[in-house]
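Using this note's numbering, the letters of the sequence shown map in sequence onto residues 1 to 367.
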Amino acid sequence: MSAPYNSGACVRPCFGSPFPRAMIHKFSLIEKILLSNDIIPHPFADASSSVGLGFALGSAVKLKIADQLTMDLKDVGAIARAANVSEVGAELILDCLDALGYVRRQGRQYAFTKRGHKDLSPDSPRNFRHFILFCNYLYKGYLELDVTIRAGKRVHSSMLEEMTDHEWELFSRAMIDISRTNVKEVAGKVPVPKSATRMLDLGGSHGLYSIELCKRHPQLKATVVDLPPVKKYTDECVAANQAGAKVSFLAADFMKDELPAGNDLILAFNIIHGLNPAENEALAQKVHKALKPGGLYVILDQIKGIGGGSQLSKATTSYMALNLLHQAGGKTYAKAEVDAFTKKAGFSSTTLKKLNAPGFGVIVCTK
């Protein structure tokens with residue numbers, strides 16, 4: 001299962017945040033000058049403060065410190081008591097959230113900013129709490145990163161094989177958090193033919209992309225093909241969107257099992273990064289076989305080089321490539337690499353469409 005900034009789930013997941021570290025946006029003019037001229041050493045942030053701030057964000061949610069906050073100021077002592085943590089610990093975590101722009105401080109009182117309420121409050125319908133908790137879980141595995149780098153591959157089993165039911169829930173709900181941010185943008189990039197009636201969503205997990213596409217194209221019906229542990233999350237999202245007549249679930253491993261034939265579109269969102277080149281070639285061949293003539297294979301993923309000179313885009317794809325190798329044995333691909341394995345499978349043309357999220361794009365392959 002998979003997910004980055006955009007996410008479905010796949011047999012081999014994209015683990016973790018698409019952005020490599022805690023994001024600090026506001027700098028004074030002097031700080032900008034000093035940073036741009038390397039007078040302030042960048043490792044201060046890259047190897048120290050940003051790492052700690054990321055963990056502080058995880059602790060704020062995990063220890064329910066964030067749960068005690070509202071838009072109104074509240075004393076740190078009351079926050080600590082309600083969360084059952086020490087006052088000194090609560091204050092330190094809240095100061096970190098202040099630095100990141102999630103809370104505001106006045107004396108010894110704290111309150112959410114608009115961003116903090118949207119992203120961290122349990123009362124916010126679009127919060128990122130599960131995503132933050134899943135990242136917090138993942139980062140513990142980085143203690144063994146050196147082993148992966150020396151070997152050039154993940155030396156243990158895939159994290160999917162090690163995940164508990166609780167971790168599956170964190171993962172699945174994290175993918176829902178992410179997908180809600182761009183489901184409409186992504187759906188607008190998928191050129192669904194007017195005649196299309198059948199679509200497969202490989203590793204689609206929650207099914208939110210299928211649900212949105214079926215809303216936009218009433219003639220279309222979709223089948224989410226994914227592993228059994230995520231079916232309950234598909235069912236939950238389908239029910240919440242009253243899409244039961246349009247979106248169904250097929251419990252299967254799309255790399256091992258045959259795909260249903262006669263499809264107009266097949267989605268592979270955040271899938272290819274979890275596969276090696278040979279596996280991607282094999283998947284492209286299976287997809288080609290399962291599509292009608294003129295059918296579309298639609299890939300969404302981190303695409304190397306898509307951002308040109310953008311440092312944020314480079315950071316996103318480079319970090320995700322490292323993360324994928326370490327967590328699942330995967331990698332990120334350039335469009336030329338995607339063109340190579342899809343052309344070999346028989347696809348006649350490919351078109352790349354950029355997404356707003358840095359480093360991400362949609363590649364439409366035509367049979």
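Every residue, glycine too, gets a C-beta built ideally from N, C-alpha and C.
Near threonine 317, what residues of its chain come up, given a Cβ to Cβ distance below 6 Å and the 5 sequence neighbours on each side ignored?
Gln302, Lys304, Thr332, Gly359
Indicate whether leucine 296 and valine 186 have their beta-carbon atoms separated by less than 9 Å.
no
Contact belief for alanine 111 with leucine 69 at Cβ below 8 Å, rounded distance in angstroms
That pair is a contact at about 6 Å.
What do you get for threonine 164, buried or exposed, if any count of 16 or more other CB atoms within 10 angstroms of its CB means buried?
exposed
In or out: methionine 320 buried (at least 16 other Cβ within 10 Å) or exposed?
buried
Hey, valine 238 and leucine 202 are a contact pair by Cβ (cut 8 Å); roughly how many whole angstroms apart?
Rounded, the Cβ-Cβ distance is 17 Å, inconsistent with contact.
Alpha-carbon to alpha-carbon, lysine 221 and serine 195
12 Å
Alanine 278, buried or exposed, once every other Cβ within 10 Å from all chains shown has been counted against 16:
exposed
Where DSSP assigns a beta bridge to asparagine 263, which residues make up the other side?
Leu291
Give the DSSP bridge partners of glutamine 302, in chain order.
Under the DSSP definition of a beta bridge, glutamine 302 partners with Phe360.
Which whole-angstrom value is the C-beta distance of glycine 204 and leucine 275, which I expect to be below 8 Å?
Contact doesn't hold; Cβ gap of about 16 Å is too wide.
In terms of residues, what are the limits of the beta strand (DSSP E) holding phenylalanine 112?
That run of the beta strand (DSSP E) goes 109-112.
First and last residue of the alpha helix (DSSP H) that includes lysine 232?
231-240
Which first and last residues belong to the alpha helix (DSSP H) in which glutamine 68 is found?
For glutamine 68, there is no enclosing alpha helix (DSSP H), as DSSP marks it with neither H nor E.
From glycine 361 to glycine 77, what does the alpha carbon distance come to, in whole angstroms?
Each residue's alpha carbon lies about 46 Å from the other.
Would you tell me roughly how many angstroms separate the C-alpha atoms of leucine 300 and lysine 184, rounded to the nearest one?
14 Å
Since leucine 250 sits in a beta bridge, which residues does DSSP pair it with?
Val225
Does the distance from the CB of arginine 198 to the CB of glycine 262 come in under 9 Å?
yes
Would you tell me roughly how many angstroms separate the C-alpha atoms of glycine 309 and isoleucine 79, rounded to the nearest one?
44 Å
Check whether histidine 273 and arginine 154 have beta carbons under 9 Å apart:
no
Alpha carbon to alpha carbon, what distance is there between leucine 53 and arginine 21?
Per-residue confidence for arginine 21 stands at a pLDDT of 45, beneath the threshold of 50, marking its modelled position as unreliable; no derived number is given.
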